[in-house]
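Chains E and X are the protein sequences, given in the same order. Quick note on numbering: UniProt numbering labels position 103 of the first sequence as 103, and the sequence is numbered without any gaps. Quick note on numbering: UniProt numbering labels position 288 of the second sequence as 288, and the sequence is numbered without any gaps. Notes follow once the structure below has been shown.
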Amino acid sequence: MFKYELIDEEATTVISFEGDLDIDATELMEEEIAPKLYDCSNIKIDFSKVQFVDSSGIGLLITLIHHLRERGIRVRIFHVSDEVRIVFEMLQLPDIMGADVLPEFEHS
Amino acid sequence: MAPQGKSIISKGKTVKEAVKLALNLLNETIDQVEIEIIENESKGILGLGARPAVVRVTAGKADFRETDPEQEVRNLTLPEQASIAALLQSKQLVKPPEPEDLSGKVWVTNGRIHCKDAPDKYPLLSPGKDVRLYKNNELAEKTVIIKQSDDLRVELEEDVQAPEWELQISPDKMEASLKIVPGFRMERKLKDKAPDSYIQLEIVEKKTVVTDIDTRQVTEKLREIGVVYGVDYTEVAKACACVHPGTFVIARGTPPTPGTHGHFVPLKEVEIKKGLKERTDGTVDYREFQEFPSVERGQVLGMIEPPVPGTPGTTVTGEVVVPPEVFPLVLNEGIGVLVLEDGSRVIATEAGQPEIKLKGRTARISVVPKLLIGKDIDLEVGNIRYVGDVEVLGSVQEGMLVEAMGNVWVHQNVHSAKISSGGSVVVKNNIIGSEITSGKSTLLLAELHEILGALIPQLRQMEAAIKQLQTVSAFKVSSFSRSGLGSLIKILCDGKFKSFPVIMTSFIQKIDSGADILDADWLQLREQLHKGFVMMNASNLASVEDFSRLTDTVEQHYILSRDSDDESDCFIKAGYVHNSELYCSGDISISTRGTYHSKVRAAGSIDVEGVVRGGEIHASKGVRIGEAGTRGGVGTKIVVPDRETIQIEMAMEGTIIQVGKRMHKFSVQTPNVTARLGDDGLLIIG
Numbered sequence: 001m002f003k004y005e006l007i008d009e010e011a012t013t014v015i016s017f018e019g020d021l022d023i024d025a026t027e028l029m030e031e032e033i034a035p036k037l038y039d040c041s042n043i044k045i046d047f048s049k050v051q052f053v054d055s056s057g058i059g060l061l062i063t064l065i066h067h068l069r070e071r072g073i074r075v076r077i078f079h080v081s082d083e084v085r086i087v088f089e090m091l092q093l094p095d096i097m098g099a100d101v102l103p104e105f106e107h108s
Numbered sequence: 001m002a003p004q005g006k007s008i009i010s011k012g013k014t015v016k017e018a019v020k021l022a023l024n025l026l027n028e029t030i031d032q033v034e035i036e037i038i039e040n041e042s043k044g045i046l047g048l049g050a051r052p053a054v055v056r057v058t059a060g061k062a063d064f065r066e067t068d069p070e071q072e073v074r075n076l077t078l079p080e081q082a083s084i085a086a087l088l089q090s091k092q093l094v095k096p097p098e099p100e101d102l103s104g105k106v107w108v109t110n111g112r113i114h115c116k117d118a119p120d121k122y123p124l125l126s127p128g129k130d131v132r133l134y135k136n137n138e139l140a141e142k143t144v145i146i147k148q149s150d151d152l153r154v155e156l157e158e159d160v161q162a163p164e165w166e167l168q169i170s171p172d173k174m175e176a177s178l179k180i181v182p183g184f185r186m187e188r189k190l191k192d193k194a195p196d197s198y199i200q201l202e203i204v205e206k207k208t209v210v211t212d213i214d215t216r217q218v219t220e221k222l223r224e225i226g227v228v229y230g231v232d233y234t235e236v237a238k239a240c241a242c243v244h245p246g247t248f249v250i251a252r253g254t255p256p257t258p259g260t261h262g263h264f265v266p267l268k269e270v271e272i273k274k275g276l277k278e279r280t281d282g283t284v285d286y287r288e289f290q291e292f293p294s295v296e297r298g299q300v301l302g303m304i305e306p307p308v309p310g311t312p313g314t315t316v317t318g319e320v321v322v323p324p325e326v327f328p329l330v331l332n333e334g335i336g337v338l339v340l341e342d343g344s345r346v347i348a349t350e351a352g353q354p355e356i357k358l359k360g361r362t363a364r365i366s367v368v369p370k371l372l373i374g375k376d377i378d379l380e381v382g383n384i385r386y387v388g389d390v391e392v393l394g395s396v397q398e399g400m401l402v403e404a405m406g407n408v409w410v411h412q413n414v415h416s417a418k419i420s421s422g423g424s425v426v427v428k429n430n431i432i433g434s435e436i437t438s439g440k441s442t443l444l445l446a447e448l449h450e451i452l453g454a455l456i457p458q459l460r461q462m463e464a465a466i467k468q469l470q471t472v473s474a475f476k477v478s479s480f481s482r483s484g485l486g487s488l489i490k491i492l493c494d495g496k497f498k499s500f501p502v503i504m505t506s507f508i509q510k511i512d513s514g515a516d517i518l519d520a521d522w523l524q525l526r527e528q529l530h531k532g533f534v535m536m537n538a539s540n541l542a543s544v545e546d547f548s549r550l551t552d553t554v555e556q557h558y559i560l561s562r563d564s565d566d567e568s569d570c571f572i573k574a575g576y577v578h579n580s581e582l583y584c585s586g587d588i589s590i591s592t593r594g595t596y597h598s599k600v601r602a603a604g605s606i607d608v609e610g611v612v613r614g615g616e617i618h619a620s621k622g623v624r625i626g627e628a629g630t631r632g633g634v635g636t637k638i639v640v641p642d643r644e645t646i647q648i649e650m651a652m653e654g655t656i657i658q659v660g661k662r663m664h665k666f667s668v669q670t671p672n673v674t675a676r677l678g679d680d681g682l683l684i685i686g
């Protein structure tokens, strides 16, 4: 079950994902999360509570980040767990999303 | 009776035999000689390392009772079997020197050391290089003082290497060979030294080659390992007596004589003769059309010869070797032919051009009909689509299309039109603003092959990436069964495999462009790839196994497309080419009037006698051009792969040539250009 929590800290919006970012997260992501984020200007995504991902979930994330950046919104993803990080690196997500989205990956 | 001291070394199968031989030679009886057994006979194992007995027989029996063994210098290096008599060989054999000379002196004679004491002098003896001298059983490393009562002995080694031989049967059992390494005997003895107060011992060596291999043992061994056929006994004897190491083929089998497969023997000239003649003015000689063969109805095209089996051979081990199997010709009757009831002859039922395609043991024989159009192809005649050859006595006019499975001959011009031929294309005069394709399916297959060559490594890497990802615990593999691989492939294409969709698209477009001439399995492959990779989000690939299977299919097509060279005999021949595109799976040749602003591409060679002004020339097998480029005009580019050569009689300034990946632009007008890559991969222009 995928959940999220949204906290506004002054100019920055922090959204924490929790659960598996997979195909079951599609509806929530597309219909709830995305619209809420389009009005922000600076977003931090906390990934610490995401343990599992699948290709659909990553596809959703790529699309979300892409749409946000198109709107000039600054997005960064933090606290990626080691295992998920391996998946991100194998799929070259820093290259696809933009290196600044994944500041923790700069050395990879 | 032999003079006393005469000694003979003799060899025999046994000691007894060797002694007997020596006694005969010395003309002595056994009680009149000293016998020293140098070596007992040895039977060896399986004929290997067998050695004869060696004895030394010396005339004149020693009377050792008169000799004090203590004072005798003995050579103890003799083999254990040596008789005691030999060990204590008589002092009488040594010729006694003059007594007055000998006091305080040492000497060596017949391999023995002697000395005579003197009250005022001691003889000195030095062991010398490689000599192990024992004085009273102690090894003397330096010069020693000796006296008569000393026990002096010298250890001398005798090296004996028995001849070695080995039999080998070749893997195909068609040859048995005998490998020989002759043995040798290295005998060493002390060099004689004249009496002196000091001497240094020296050794003389004598090497004898031992070659006596028993041929009977060899032939026995041959039988033992099963060699029963084709043995050359003269060669066995020669090998056994050989003094140099070597390998002798001593048995040869008889190889089978291969038969012939069933085949087709044409009675009628069926090959298209190339190298069409031209008149000196550059126009194509009309008679060239005679060089395309043709047959009448009812004519015998050729005979079908049945297979002829070969004769079996025999190995050296007596096994029968069956010759390769022969097969009858598989005849694939094409259009316009009939086979006689007894299957021996092929008869034309239509008039036209005979066409014989051989692939392995299958022959496809057909008579391709010819469509003759006595005038121009224009709107009135309409576009031509024909299964055979097409001959147009006039021109192909603007906007018209000629599509022929066979050859296309146009006696006049092709103007703003399109000709697509499964065979060759000859245009007697001009090709202007047109598109000409010859050997279309071959060309297409070659292009598909090239694209697949780029696609396959990407597919394999992608497969490996997916497999790797499946091993990461944070990655949910279970989702594949619900959503398929589509979303993952999409991500991979966004990341590591950015060029993949481009290659895939070009492959699918290439297939679409030739959908009418490609086999159904290519169209099927196109559908599979389209469903798997183009409509990514709806990809029908549900597992990495699906992915592997599809990649395997792609690889099969890659191999399939490489092997097809059915129509490489196609050619394009034209008088003059302007603003056109020419593609040919074989060679292209253009007369003295040349090409202008045209793209000319051949899987064979390109030969333009005249000028090439502007445009591009691509040939897989070399280019010859009269004159290339324009003065300060449009660029002209000539490209061949590495290993091929570009020859230009006159290259104008600005002409670009490319061999493999190396390019060169001429900055000045250059005559007699020959360009190719050197061994270092750099362009050589001469």
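For glycine and all other residues, C-beta sits at the position ideal for the given N, C-alpha and C.
>> Using only the alpha-carbon positions, how far apart do E350(X) and L301(X) sit?
In response: The alpha-carbon separation between E350(X) and L301(X) amounts to approximately 11 Å.
> Rounded to the nearest angstrom, how far is the Cβ of H530(X) from that of I508(X), given a contact under 8 Å?
Replying inline: 6 Å
> Are the CB atoms of K440(X) and S424(X) nearer to each other than 8 Å?
Replying inline: It is not a contact, given that the beta carbons lie outside the stated cut-off.
> What's the call for M1(E), buried or exposed, on a 16-neighbour Cβ count within 10 Å?
Replying inline: With fewer than 16 neighbouring CB atoms inside 10 Å of its own CB, M1(E) falls in the exposed class.
>> Measuring alpha carbon to alpha carbon, tell me which residue in V57(X), A404(X) and D376(X) is nearest Y386(X).
In response: A404(X)
>> Here's a check: name, in chain order, each residue in its chain whose Cβ is nearer than 8 Å to the Cβ of L677(X), leaving out the five neighbours to either side.
In response: So the list reads D642, R643, V659, G660, R662, L683 and I684, once near-sequence residues are dropped.
> From L93(X) to M174(X), what distance separates their C-alpha atoms?
Replying inline: Note that L93(X) has pLDDT 46, beneath the 50 cutoff, so the model's placement of it is unreliable and the number below is only indicative. Roughly 60 Å separates the two Cα atoms.
>> Strictly under 8 Å for the Cβ-Cβ distance: is D22(E) near chain X by that measure?
In response: yes
> Quick one: which chain E residues come within Cβ less than 9 Å of F327(X)?
Replying inline: By Cβ distance, chain E contributes nothing, its closest Cβ being about 52 Å from F327(X), past 9 Å.
> Does the pairing of the stretch 241-254 of chain X with the stretch 217-232 of chain X give three or more beta-carbon distances under 8 Å?
Replying inline: yes
>> Strictly below 9 Å CB to CB, what residues from chain X border L91(E)?
In response: Result: A465, L469, L488, I491, L492, D494, G495 and K496.
> Is the beta carbon of G399(X) sitting closer than 8 Å to the one on K370(X)?
Replying inline: no
>> Taking the straight line between their C-alpha atoms, what separation do you get for V673(X) and S620(X)?
In response: 18 Å
> Hey, how far is the Cα of T219(X) from the Cα of I30(X)?
Replying inline: 36 Å
>> Give me the residue from S7(X), P52(X) and K16(X) with the minimum Cα distance to E34(X).
In response: S7(X)
> In angstroms, rounded to a whole number, what distance separates the CA positions of I617(X) and P501(X)?
Replying inline: 29 Å
>> If we define contact as Cβ-Cβ less than 8 Å, is R482(X) a contact residue for chain E?
In response: yes
> Got a sec: is the Cβ-Cβ distance from I384(X) to anything in chain E below 8 Å?
Replying inline: no
> Looking at the structure shown, is F52(E) part of a helix, part of a strand, or coil, going by DSSP?
Replying inline: DSSP places F52(E) in coil when its eight states are reduced to three.
> Closest Cβ-Cβ distance between F52(E) and chain X: below 8 Å?
Replying inline: Contact with chain X is found for F52(E), since one of that chain's Cβ atoms lies less than 8 Å from the residue's Cβ.
>> So for F184(X), helix, strand or coil by DSSP?
In response: strand
> Tell me which same chain residues have a C-beta within less than 7 Å of the C-beta of I14(E), skipping the five on either side of it?
Replying inline: Going by the sequence as given, residue 14(E) is Val instead of Ile. If we look at V14(E) and ignore the five residues flanking it on each side, its Cβ neighbours are I7, K44 and D46.
>> Can you tell me whether Q81(X) is helix, strand or coil according to DSSP?
In response: At Q81(X), the pLDDT of 45 sits below 50, so the modelled position is not reliable and the matter cannot be decided from this model.
>> Which residues in chain B have a C-beta closer than 9 Å to the C-beta of I33(E)? List them in chain order.
In response: Note that chain B does not occur in the displayed structure, where the protein chains are E and X.
> Does the stretch 480-492 of chain X come close enough to the stretch 536-543 of chain X that 3 or more CB-CB pairs lie under 8 Å?
Replying inline: yes
>> So, with DSSP's three-state summary, where would you put E157(X)?
In response: coil
>> Using 8 Å for Cβ pairs, my map puts Y38(E) next to R71(E). What's the rounded Cβ distance?
In response: 6 Å
>> Just checking: is the beta-carbon of V472(X) within a distance shorter than 8 Å of some beta-carbon in chain E?
In response: Interface residue, yes.
> Quick one: what's got a C-beta closer than 8 Å to V181(X)'s C-beta in the same chain, skipping five residues either side?
Replying inline: P163, E164, W165 and P245
> What is the DSSP secondary structure of K121(X), counted as helix, strand or coil?
Replying inline: It is coil, neither helix nor strand.
> For S605(X), which option in P127(X), H449(X), G433(X) and C584(X) has the closest C-alpha, if you only look at C-alpha atoms?
Replying inline: C584(X)
>> Using a 10 Å radius around the Cβ and a threshold of 16 neighbouring Cβ atoms, would you call N407(X) buried or exposed?
In response: buried
> Across which residues does DSSP place G302(X) in a beta bridge pair?
Replying inline: P266(X) and V346(X)
>> K428(X) and G586(X) - do their beta-carbons sit closer together than 8 Å?
In response: no
> Is the Cβ-Cβ distance between P324(X) and G310(X) less than 8 Å?
Replying inline: yes
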